[in-house]
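Report on the following structure.
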Amino acid sequence: MRPDRLNPMFVAADSLKGVGPGLARPLERLGLTRVRDFLYHLPDRFVERRAVPDLDQASVGENIVVALTPVEYRSSAGRGPFRVLASDGPGNICAITYFGRNAGWAKKSLPLGETRWIAGRLDQFGQLLQIVHPDHVSEESAAALGQLVEPVYPLSEGLTQGRLIALIQQALASATDLPEWIEPGLFDKMKWPSWRDALELAHRADHPQARDRLAYDELLANSLALMLVRNANRARRGTPLQGDGRLRARINLPFALTGAQQRSIAEIAGDLVQDAPMLRLLQGDVGSGKTVVALEAMLIAVEAGTQAALLAPTEILARQHFDTLKRMAQGTGVEIALLTGRDKGRAREATLMGLHNGSIPIVVGTHAIFQDAVQYRNLALVVIDEQHRFGVGQRLMLAQKGKRTPHCLAMTATPIPRTLTLAQYGEMDVSKLDEMPPGRQPIDTRVVAVERMADVIAGVERHLATGQQAYWVCPMVRELENEDLAAAEARYAELQLRFGDAVVLVHGQLRPEAKDAAMERFASGAAKLLVATTVIEVGVDVPSATLMVIEQAERFGLAQLHQLRGRVGRGTAASTCLLLRSGALSETAKRRLALMRETQDGFRIAEEDLELRGGGELLGTRQSGDTTFRVASLDQIQRLLPLAHNDARLLIDRDGGLTGARGEAARLLLYLFERDWGVQLLRGG
Numbered sequence: 001m002r003p004d005r006l007n008p009m010f011v012a013a014d015s016l017k018g019v020g021p022g023l024a025r026p027l028e029r030l031g032l033t034r035v036r037d038f039l040y041h042l043p044d045r046f047v048e049r050r051a052v053p054d055l056d057q058a059s060v061g062e063n064i065v066v067a068l069t070p071v072e073y074r075s076s077a078g079r080g081p082f083r084v085l086a087s088d089g090p091g092n093i094c095a096i097t098y099f100g101r102n103a104g105w106a107k108k109s110l111p112l113g114e115t116r117w118i119a120g121r122l123d124q125f126g127q128l129l130q131i132v133h134p135d136h137v138s139e140e141s142a143a144a145l146g147q148l149v150e151p152v153y154p155l156s157e158g159l160t161q162g163r164l165i166a167l168i169q170q171a172l173a174s175a176t177d178l179p180e181w182i183e184p185g186l187f188d189k190m191k192w193p194s195w196r197d198a199l200e201l202a203h204r205a206d207h208p209q210a211r212d213r214l215a216y217d218e219l220l221a222n223s224l225a226l227m228l229v230r231n232a233n234r235a236r237r238g239t240p241l242q243g244d245g246r247l248r249a250r251i252n253l254p255f256a257l258t259g260a261q262q263r264s265i266a267e268i269a270g271d272l273v274q275d276a277p278m279l280r281l282l283q284g285d286v287g288s289g290k291t292v293v294a295l296e297a298m299l300i301a302v303e304a305g306t307q308a309a310l311l312a313p314t315e316i317l318a319r320q321h322f323d324t325l326k327r328m329a330q331g332t333g334v335e336i337a338l339l340t341g342r343d344k345g346r347a348r349e350a351t352l353m354g355l356h357n358g359s360i361p362i363v364v365g366t367h368a369i370f371q372d373a374v375q376y377r378n379l380a381l382v383v384i385d386e387q388h389r390f391g392v393g394q395r396l397m398l399a400q401k402g403k404r405t406p407h408c409l410a411m412t413a414t415p416i417p418r419t420l421t422l423a424q425y426g427e428m429d430v431s432k433l434d435e436m437p438p439g440r441q442p443i444d445t446r447v448v449a450v451e452r453m454a455d456v457i458a459g460v461e462r463h464l465a466t467g468q469q470a471y472w473v474c475p476m477v478r479e480l481e482n483e484d485l486a487a488a489e490a491r492y493a494e495l496q497l498r499f500g501d502a503v504v505l506v507h508g509q510l511r512p513e514a515k516d517a518a519m520e521r522f523a524s525g526a527a528k529l530l531v532a533t534t535v536i537e538v539g540v541d542v543p544s545a546t547l548m549v550i551e552q553a554e555r556f557g558l559a560q561l562h563q564l565r566g567r568v569g570r571g572t573a574a575s576t577c578l579l580l581r582s583g584a585l586s587e588t589a590k591r592r593l594a595l596m597r598e599t600q601d602g603f604r605i606a607e608e609d610l611e612l613r614g615g616g617e618l619l620g621t622r623q624s625g626d627t628t629f630r631v632a633s634l635d636q637i638q639r640l641l642p643l644a645h646n647d648a649r650l651l652i653d654r655d656g657g658l659t660g661a662r663g664e665a666a667r668l669l670l671y672l673f674e675r676d677w678g679v680q681l682l683r684g685g
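In terms of this note's numbering, the sequence shown opens at residue 1 and continues consecutively.
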């Protein structure tokens, strides 16, 4: 239960003066739903203005404060701007320009003949100096506005800087002092301000130490919570699983396991024989053979007389895994069932009965496999695919489905740099598949200008004529107004005119049954060309698809391009990936696309993506799971996470955990950053 002293920071945003239903919507779009959210909605930058005696002392492009006297109003025809011509002391004229605003408001705030202090950016329109939409108009002297440093915050439509600044000031007034949770020696060494002072400073001016302090708090909360999960998991009792190998020996594999696969299987088997439940992350590059490793782990559970479940984030991926596992396990005689939210009637009841009585030892599905109605006879192992889509909270819920806490193997197809692995999976042991199975051919990757679209479509036609299949990926479902973005629906309509029923469309906004039907037509070979958004980024496995076209490739992250490219090259035939680029590219975009041509090493690509693009995508896109970082930037994560990790370990190993003065302060920190699932794991927490 949250400590009472934090409650004022967790009340709803409408408790702040001035927040009604109309303002609540733009605030919600920014994630500002509680007072606490305003505290951590930090400025993007700061504007510093200089007071000048007259316009001769100012430069175009400078933010200034100057005394001006309105001398004339000028209205434009139609919906043009309204201008107030104003004069400084020496007689220089400057236009105060407003677009789309009521002229009456401008006349009221800038009456003719009365001097006002104007704060804003000085620009030039033709021969005329102008200030567009001044930040402040005041009857007060320059002393009130001069040398003003003002924060500039991220906004959404319907919200102004002035209104948001006023709300943040109210929120800061509700933040009381809290005891210090940072290790004293580190706190003194870094010369950081206290938590309360850091908040004030971070909103008032560009103060790197204050920003670092707040980022460190977030990283410390995350590290501490993950360590508490890890320790609590080790203290629990799981079911030791000792397989005899009789089922694994009958897996139907057309290839030998790589050294990395053998090493990972051995690490997993070593965990499964322990009393403590396994909590392991399997990182594998595209096509490195994670599914085989998962099957080996699940068969160990079956050999030991228990059950295993594989959890996938989408129905498409669940069905893909189901088909692959059934094919590989055909010779074992082990029954594998599929269970999704769409399964109804007798088939569903039969699956539920089989899981309950133990006659079904392995089930594959979406979150439906953990609904209350699903009961297992003895669930001992859970495999979670595409781990970045699931947070720590979902990992903890697994403890409720077995007689004892099940072992957990999490998998991700996105290679993650070491620092971010620590941030996202600090409670897990890690295995890496960094070798490719034999027979995998490199994918020929080319960058093609969008002006050659006709040539690309003609090339797709020649490719399909050979009997092979292809993907065409667009960055959006449908076009947005005023946005020059490729849209899957428009591209599908164009390609359908040329290729007819050989083309199918898949995107996330389709009904599940329509999506499944399109995927089934493509997987069976009835359709030859699949037009899609990034919904096919992971899991789709069609060996006869050997051509991938990605429109406006410069708009994708490198890791995402690598995942998409990995949808081809899954059979024995040579494969090609065409990256269609727009005309004008930044130097960074050129470097990113050049790297895609150079390498197919996902771990190298992940590191480069971190440097070139930033960590949002690799952190799970900042919106997924429950380890998002709202305050800490990528640079701060790289600099401060090792310190936070060590500090958390000191607190647990040396300073008594969440007991004692620092421990009580750390509890507040966990609740403040909503990592309180770490507290809940402690008895009496």
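For glycine and all other residues, C-beta sits at the position ideal for the given N, C-alpha and C. Because the structure is a prediction, the values reported are computed rather than measured.
- Between the alpha carbons of residue 1 and residue 671 lies a distance of about 9 Å.
- Secondary structure remark: continuous alpha helix (DSSP H) runs of at least 4 residues inside the stretch 77-142, in chain order: 103-109.
- In terms of Cβ geometry, residue 384 and residue 339 do not form a close pair [threshold 7 Å].
- Short of 7 Å from the beta carbon of residue 666, and not among the five residues preceding or following it, lie these beta carbons of its own chain, in chain order: 181, 224, 651 and 658.
- In terms of Cβ geometry, residue 65 and residue 58 do not form a close pair [threshold 7 Å].
- Burial check for residue 90: the Cβ neighbour count within 10 Å stays below 16, so the residue is exposed.
- Residue pairing by DSSP places residue 513 in no beta bridge whatsoever.
- A Cβ-Cβ separation of about 7 Å places residue 516 in contact with residue 315 under the 8 Å criterion.
- A contact between stretches requires three or more CB pairs, one per stretch, nearer than 8 Å, and the stretch 343-363 fails this requirement with the stretch 275-292.
- Residue state for residue 293 is assigned as helix, using DSSP reduced to three classes.
- In the structure shown, residue 46 adopts extended strand secondary structure according to DSSP, grouped into three states.
- Positions of the alpha helix (DSSP H) runs, each at least 4 residues long and wholly inside the stretch 172-220, are given as 184-190 and 195-204 in order along the chain.
- Where residue 362 is concerned, the enclosing beta strand (DSSP E) starts and stops at 362-365.
- Between residue 261 and residue 379, the CB-CB gap reaches or exceeds 7 Å.
- With fewer than 16 other beta carbons inside 10 angstroms of its own, residue 588 counts as exposed.
- In the same chain as residue 95, and ignoring 5 residues on each side of it, the C-beta atoms closer than 6 Å to its own belong to 83, 85, 128 and 130, in chain order.
- Taking 7 Å as the cut-off, the beta carbon of residue 40 is found closer than this to the beta carbon of residue 631.
- Under the three-state reduction of DSSP, residue 599 is assigned to coil, being neither helix nor strand.
- Annotation: the continuous alpha helix (DSSP H) that includes residue 653 extends over 634-653.
- When rounded, the separation of the alpha-carbon atoms in residue 69 and residue 80 is 23 Å.
- Put simply, of 25, 411, 190 and 211 the residue whose alpha carbon is nearest the alpha carbon of residue 295 is 411.
- Residue 249 carries a helical assignment under DSSP once its states are collapsed to helix, strand and coil.
- Looking at 564, 552, 554 and 313, the one whose alpha-carbon comes closest to that of residue 530 is 564.
- Shown here for residue 417: same chain residues with a beta carbon closer than 6 Å to its own, the five before and five after excluded, namely 606, 607 and 610 in chain order.
- About 7 Å separates the beta carbons of residue 661 and residue 179, which is inside the 8 Å limit, making them a contact pair.
- A residue is called buried when at least 16 other Cβ atoms come within 10 angstroms of its Cβ; residue 133 does not meet this threshold and is exposed.
- Note that the stretch 436-455 does not touch the stretch 503-521; fewer than 3 beta-carbon pairs, one per stretch, sit closer than 8 Å.
- When DSSP assignments are scanned along the stretch 545-605, the uninterrupted stretches of alpha helix (DSSP H) that are 4 or more residues long and fall wholly within it turn out to be 558-565 and 587-598.
- Nearest in C-alpha terms to residue 106, of all of 135, 548 and 234, is 135.
- The beta carbon of residue 150 is closer than 6 Å to those of 47 in its chain, skipping five residues each way along the sequence.
- In this structure, DSSP gives residue 671 a helical state, which the three-state scheme calls helix.
- Judged by their CB atoms, residue 198 and residue 213 are nearer to each other than the 7 Å cut-off.
- The continuous alpha helix (DSSP H) containing residue 316 extends over residues 315-328.
- Rounded to whole angstroms, the separation of the alpha carbons of residue 276 and residue 266 is 17 Å.
- Boundaries of the beta strand (DSSP E) harbouring residue 410: 407-412, taken from the DSSP string.
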